[in-house]
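Asks:
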Amino acid sequence: MRKSAADRFRHLFNRSLVASQHRHRPINPILFRSLSSMASHSSPFPVTAQNINPQVLKCQYAVRGEIVTLAQNLQKDLLANPSAHSFEEIIYCNIGNPQSLGQQPITFFREVLALCDYPALLDKSETQGLFSADSIERAWQIVDQIPGRATGAYSHSQGIQGLRDTIAAGIGERDGFPANPDDIFLTDGASPAVHMMMQLLTRSDNDGILCPIPQYPLYSASITLHGGHLVPYYLDEATGWGLEISELKKQLEDARSKGISVRALVVINPGNPTGQVLAEENQRDIVEFCKKEGLVLLADEVYQENIYAPEKKFHSFKKVSRSMGYGDDDIILVSFQSVSKGYHGECGKRGGYMEVTGFSPDVREQVYKVASVNLCANITGQILASLIMSPPKVGDESYESFMAEKGGILSSLAKRAKALEDALNNLEGVTCNKAEGAMYLFPRIRLPEKAIKAAEAEKSAPDAFYCKRLLNATGIVVVPGSGFGQVPGTWHFRCTILPQEDRIPAIVTRLTEFHEKFMDEFRD
51 MRKSAADRFR HLFNRSLVAS QHRHRPINPI LFRSLSSMAS HSSPFPVTAQ
101 NINPQVLKCQ YAVRGEIVTL AQNLQKDLLA NPSAHSFEEI IYCNIGNPQS
151 LGQQPITFFR EVLALCDYPA LLDKSETQGL FSADSIERAW QIVDQIPGRA
201 TGAYSHSQGI QGLRDTIAAG IGERDGFPAN PDDIFLTDGA SPAVHMMMQL
251 LTRSDNDGIL CPIPQYPLYS ASITLHGGHL VPYYLDEATG WGLEISELKK
301 QLEDARSKGI SVRALVVINP GNPTGQVLAE ENQRDIVEFC KKEGLVLLAD
351 EVYQENIYAP EKKFHSFKKV SRSMGYGDDD IILVSFQSVS KGYHGECGKR
401 GGYMEVTGFS PDVREQVYKV ASVNLCANIT GQILASLIMS PPKVGDESYE
451 SFMAEKGGIL SSLAKRAKAL EDALNNLEGV TCNKAEGAMY LFPRIRLPEK
501 AIKAAEAEKS APDAFYCKRL LNATGIVVVP GSGFGQVPGT WHFRCTILPQ
551 EDRIPAIVTR LTEFHEKFMD EFRD
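If you're matching positions, the sequence shown starts at 51 in my numbering and goes up one per residue.
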């Protein structure tokens, strides 16, 4: 029988000790400690859950957590035995992943990507009949900007210069204030940009980041991984998830009284998971607050195209701060954008950027150094980021079809949000605020005491208990509110509005039938 790794270490240790005694020479102390340590471990593996970075163990990311793992196991069961459950498929409403639920990509974007990835097509006569004239023209422009004219090549660590020029021009057109291409850092989606900022700002667990509760778990996970301290501020559910300056001041003062050095404020607008769209006046107050308190403003604006309430409009924090007369010397502002959300939903292409303003030159140099460690963002994602900030314009061949595709997606999302909102508000003990923007609803569920006790018996949070029961009964995957943070004693779940419009009635029926049975089973 083969000896275990621990047995072999012990054998090596004993041989070394005996040999040393025989030669009347002391054993090498470093070797002694090393072998002693290895011999004392009963595990055959040198790396265990007990000796990895503790910050990794503490890190949680509910969007792909326990409920999703259970769903994936159920999906395997369905493939092996389609009649094993009362439902035929798993419906993933846990994550903002539009194309996985049937959303079609924007034609113009995909035509440009195809031509850039295989530029030999640009020289073929047949291409004129297969691709629009403006997609061909845009592809030529982009290919000429790429190093080596190849999407498989590395680029500058901030991203291809010509693409950053295009993005900066798009920001300027959106805001009415100029943007500097040198402020743009292209990244593989917005998430790496958030990690980069948390890494830059966090020196120890005494450094805090003000984050909304509920929040997108990327922020809590990133703060934990980098050893920082999440300082919560609570959004007001009673006022449509309002962000109150008085709450920011209260939490900031409380953190500072405990010796926490608060470095930055995270604002997600439109909100995830809460779906609210901030009023411009509220944004002005937030800018003033950050300026007065010396906080970096981290503006998550990845849902800026997802506005459904007719009375609401997206305003970037860059635009708001510049309209107040504040420039780089007044406030540090980092804005995040992604190709994964909006009407484009290109999650798998991993494209995004951050616009970094207000840092001193020496800090900017450090940001660039961290970006260069990753070499560069993928080129396809870089191209897409430039396209979403510079789509077809009036007079371009693709303009009408582009606007039809974009408008169709956004109007359908608005209808889905309304249908699900109404259905949730019709459930016993459930209240759901209007989704003004983004891709989610975050209903509050008032669970019977018997259900809460049953959850405690299973060592589960009550909302997680509800979500697991929902999954097992219907195949619908949602995320417990406890994964996003919530006012203690309240329970929620996050549900995307992304299943295609013709699927919504069936989802509503499944959810309604489950909820009625659940409430009857646990009624006090």
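Beta carbons are placed, not taken as given, at the ideal position from N, Cα and C, and that holds for glycine.
If we count Cβ pairs, one from each stretch, closer than 8 Å, do we get three or more for the segment 270-284 versus the segment 467-484?
Replies: Flag = no, the segment 270-284 and the segment 467-484 do not touch.
Asks: Any idea if ARG199 is buried or exposed, counting beta-carbon neighbours within 10 angstroms, 16 or more meaning buried?
Replies: ARG199 is exposed by the Cβ-count criterion.
Asks: Could you have a look at CYS426 and say whether DSSP puts it in helix, strand or coil?
Replies: Looking at CYS426 - three-state DSSP - the assignment turns out to be coil, as it is neither helix nor strand.
Asks: Going straight from the alpha carbon of LYS503 to that of ASN522, what length do you get?
Replies: Computed Cα separation, rounded: 19 Å.
Asks: Express the C-alpha separation of ALA203 and LYS500 in angstroms, rounding to a whole number.
Replies: Between LYS500 and ALA203, the C-alpha separation is close to 60 Å.
Asks: On the three-state DSSP scale, how would you describe ARG573?
Replies: Note: ARG573 maps to coil in three-state DSSP.
Asks: Under the three-state reduction of DSSP, which class applies to ILE357: helix, strand or coil?
Replies: Reduced to three states, the DSSP call for ILE357 is strand.
Asks: Determine whether the beta carbon atoms of ILE547 and LEU463 lie at a separation below 8 Å.
Replies: Closer than 8 Å, so yes.
Asks: Touch check for the segment 234-253 and the segment 399-413: three-plus C-beta pairs under 8 Å?
Replies: Touching, per the Cβ criterion.
Asks: Spatial neighbours of LEU425 within its chain, please: CB distance less than 6 Å, with the 5 preceding and 5 following residues excluded, ordered by chain position.
Replies: Within the same chain, LEU425 has close Cβ partners TYR204.
Asks: According to DSSP, what are the bridge partners of LEU348?
Replies: Per DSSP, VAL316 and VAL384.
Asks: Residues bridged to VAL406 by DSSP?
Replies: BP columns for VAL406 point to VAL384.
Asks: Grouping DSSP H, G and I as helix and E and B as strand, with all else coil, what is GLY392?
Replies: Here GLY392 sits in coil by DSSP.
Asks: Taking just the CA atoms, how far does PHE543 sit from ALA556?
Replies: Going from the Cα of ALA556 to the Cα of PHE543 covers about 19 Å.
Asks: Does the beta-carbon distance from ILE263 to GLY535 come in below 8 Å?
Replies: Their beta carbons are under 8 Å apart, which means ILE263 touches GLY535 by this criterion.
Asks: Could you check whether LEU251 and VAL316 sit closer than 8 Å to each other, using their CB atoms as the reference points?
Replies: Result no, Cβ atoms of VAL316 and LEU251 do not sit closer than 8 Å.
Asks: Evaluate ILE102 with the Cβ neighbour count: other Cβ atoms within 10 Å of its Cβ, from every protein chain shown; 16 or more gives buried, anything less gives exposed.
Replies: Exposed, by the Cβ-count rule.
Asks: Taking the alpha helix (DSSP H) that HIS135 falls in, what are its first and last residues?
Replies: Looking at the DSSP string, HIS135 is not in any alpha helix (DSSP H), and its letter there is neither H nor E.
Asks: Please specify which runs of the alpha helix (DSSP H), each continuous and at least 4 residues long, are wholly inside the segment 430-499, giving them in chain order.
Replies: The segment 430-499 contains these whole alpha helix (DSSP H) runs: 449-475.
Asks: Give every residue of the same chain whose Cβ lies closer than 6 Å to the Cβ of PHE492, excluding the five residues on either side of it in the sequence, and list them in chain order.
Replies: The residues are PRO323, THR324, HIS542 and ARG544.
Asks: Given 8 Å as the limit, is there contact between the segment 301-316 and the segment 328-344, that is, 3 or more CB pairs closer than that?
Replies: Yes, the segment 301-316 touches the segment 328-344.
Asks: Near ALA473, which residues of its chain fall below 8 Å by C-beta distance, leaving aside the five closest residues on each side in sequence?
Replies: Hits under 8 Å: VAL558, LEU561 and THR562.
Asks: Which residues bound the alpha helix (DSSP H) around SER269?
Replies: The question names Ser, but residue 269 in the sequence shown is Tyr. Element bounds for TYR269: 267-275.
Asks: If we count the other Cβ atoms within 10 Å of its Cβ and call it buried at 16 or more, is SER133 buried or exposed?
Replies: With fewer than 16 Cβ atoms within 10 Å of its Cβ, SER133 is classed as exposed.
Asks: Just curious, the alpha helix (DSSP H) that CYS166 is in, first and last residue?
Replies: 157-167 is the extent of the alpha helix (DSSP H) around CYS166.
Asks: Can you say whether LYS108 is buried or exposed, counting buried as having 16 or more other CB atoms within 10 angstroms of its CB?
Replies: Classification of LYS108: exposed, given that the 10 Å Cβ count is below 16.
Asks: Please find out if some non-hydrogen atom of the ligand HEM comes closer than 7 Å to the beta-carbon of GLN326.
Replies: No copy of the ligand HEM occurs in the structure displayed, which carries no ligand at all.
Asks: Rounded to a whole number of angstroms, what is the C-alpha to C-alpha distance between GLU176 and ASN475?
Replies: The straight-line gap from Cα to Cα measures roughly 54 Å.
Asks: Classify ARG58 as helix, strand or coil using the three-state DSSP reduction.
Replies: Note that ARG58 scores a pLDDT of 46, beneath 50, so its modelled location is shaky and nothing firm can be said.
Asks: Starting from ASP304 and walking both ways along the alpha helix (DSSP H), at which residues does that stretch end?
Replies: It spans 295-307 - the alpha helix (DSSP H) in which ASP304 sits, taken as one unbroken run.
Asks: Curious, which full-length beta strand (DSSP E) runs of at least 3 residues does the segment 197-258 contain?
Replies: Complete beta strand (DSSP E) runs here, min 3: 234-237.
Asks: Return the first residue and the last residue of the alpha helix (DSSP H) that PHE543 is part of.
Replies: Unbroken run through PHE543 is the beta strand (DSSP E), 543-546; no alpha helix (DSSP H).
Asks: Give a yes or no on whether the C-beta atoms belonging to PHE409 and ILE382 are separated by under 8 Å.
Replies: Going by C-beta atoms, PHE409 is nearer than 8 Å to ILE382.
Asks: Check whether the Cβ atoms of ILE141 and PRO549 sit closer than 8 Å, and answer yes or no.
Replies: It is a contact, given that the beta carbons lie within the stated cut-off.
Asks: Looking only at its chain, what residues have a beta carbon closer than 7 Å to the beta carbon of PHE572, apart from the 5 residues adjacent to it on each side?
Replies: Cβ neighbours of PHE572 beyond the five flanking positions: PRO498, LYS500, ALA501 and ALA504.
Asks: What residue does the beta strand (DSSP E) around PRO104 start on, and which one ends it?
Replies: It is not in any beta strand (DSSP E) - PRO104 instead sits in the alpha helix (DSSP H) that spans 104-108.
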